[in-house]
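The structure under discussion appears below in the form of structure tokens.
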């Protein structure tokens, strides 16, 4: 009976299998082998180079040779093993082999003249002998004429290597590239920052169809904003900026540059993700008035300068004051905050009319704040579809208050079709 299963069912099942298991099921019977050749199974392929290409005849390579012509999306990743300093030299010798295997894999895909729409390179920072891979990647990209999405997440290439990749794309796919993810693409140092590199600016100017751009703060400057305003004004919709405490942040963006970009791209929304930066003095200059900020994610981290206040009140107050009409999503992960922020959270919900998601991981001084938030929802002054409360470290008295709030609002929320839950004391509080 198992050989009489409909092909649709088989392809659904095979879609959840890794390369080795797919190779095995193809040998079960002719019916399963036919199902394995279905193009839908090979539209999107993910390969972990140092795992899936480690054998002499890896299934990923064999299957790509057979079915690679159907591929439209390819992810080439490296795993992230822990390497002790003592064994680093030996591991480098052992790990140079995956680079050659990755280059051979790209050569196979190139020989089949596969035209990708999406290419993702993940965690290439953990690859050794990357020169071999980069050369193979450059040769492969020269044949890609329809690439719409490129992601270089955590590649940590040198500036010249990233520009080499972008240079090939500018020649082959400039009219098609709509999404470019450069988060962690550049290996940052105080001597090499890309934001004002002339070649970098020139290459960005070639991508006229760009609608989504993700980059780190060191790859952003006033010049970059002006280039985007001049060359992607008809298409640019989303700009995601990632700022880390380890980034070079000596340069500042001007409000005039943001105003020019906002004017040229009226549909533009900007997202900030701030990691391990918590002090207001280190954040305020990012939040300029003309910035069309839609999403703000802040992870304050576990370590900070305790000789000065983090002043979260000023940061949140600035968000409310300047982005009342643009904020859509706010995530605040504020560990061990000692400031009272209850009134500002309520103020944000009331004043930011477009806000559809708020996630707050921090201290609430009074559970009456939660009651006030629930009342806003019941009175249709907010428009959330989900309200989850996950309290942490509460006493017996506050448990009773939570139970009362749950009893008071559970039925009312259900009548509005809202997923309302007060859960066990474990984690966080969020609305969307």
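Numbering (the working numbering), first residue to last: 318 to 749.
Beta carbons: idealized from backbone N, C-alpha and C, even for Gly.
Among the options, nearest to residue i - alpha-carbon criterion
i	options	result
residue 327	561, 349, 456, 447	349
residue 497	366, 740, 557	557
residue 529	466, 514, 591	466
residue 451	418, 357, 735	418
residue 337	363, 696, 625, 429	363
residue 721	704, 684, 701	684
residue 733	427, 382, 713, 691	691
residue 654	629, 481, 582, 555	629
residue 548	369, 376, 522, 356	522
residue 597	345, 631, 612	631
residue 573	594, 607, 567, 584	607
residue 697	389, 666, 708, 332	666
residue 637	615, 668, 616, 609	668
residue 586	568, 593, 613	613
residue 686	544, 719, 710	719
residue 656	394, 448, 330, 680	680
Residue i - partner residues in DSSP beta bridges
i	result
residue 321	According to DSSP, residue 321 bridges with nothing at all.
residue 558	532, 589
residue 468	437, 498
residue 595	Answer is none; residue 595 lacks a bridge partner.
residue 516	DSSP lists no partner for residue 516.
residue 739	706
residue 331	Residue 331 is not bridged to any residue.
residue 503	474
First through last residue of the beta strand (DSSP E) which encompasses residue i
i	result
residue 390	390-394
residue 615	610-616
Beta-carbon separation (whole angstroms), residue i vs residue j, contact threshold 8 Å
i	j	result
residue 423	residue 442	Between residue 442 and residue 423 the Cβ distance is about 18 Å, and since that is not below 8 Å, they are no contact.
residue 468	residue 438	7 Å
residue 678	residue 635	That belief does not hold up - the Cβ atoms of residue 678 and residue 635 are roughly 20 Å apart, past 8 Å.
residue 625	residue 643	At roughly 29 Å, the Cβ-Cβ gap does not stay under 8 Å, so residue 625 and residue 643 are not in contact.
The ligand NAD heavy atom lying under 7 Å from the CB of residue i
i	result
residue 321	Ligands in the displayed structure: none, and consequently the ligand NAD is not present.
Residue i, enclosing alpha helix (DSSP H) - first and last residue
i	result
residue 663	659-668
residue 706	That residue, residue 706, is in no alpha helix (DSSP H); its beta strand (DSSP E) goes 703-706.
residue 478	476-489
residue 721	713-732
residue 572	572-581
residue 448	447-458
residue 695	685-695
residue 638	629-639
residue 543	539-548
CB contact below 8 Å: residue i versus chain B
i	result
residue 434	No chain B is part of this structure, which consists of one protein chain only.
**Request:** Please specify which runs of the alpha helix (DSSP H), each continuous and at least 4 residues long, are wholly inside the stretch 338-384, giving them in chain order.
**Result:** 347-353, 366-369, 376-384
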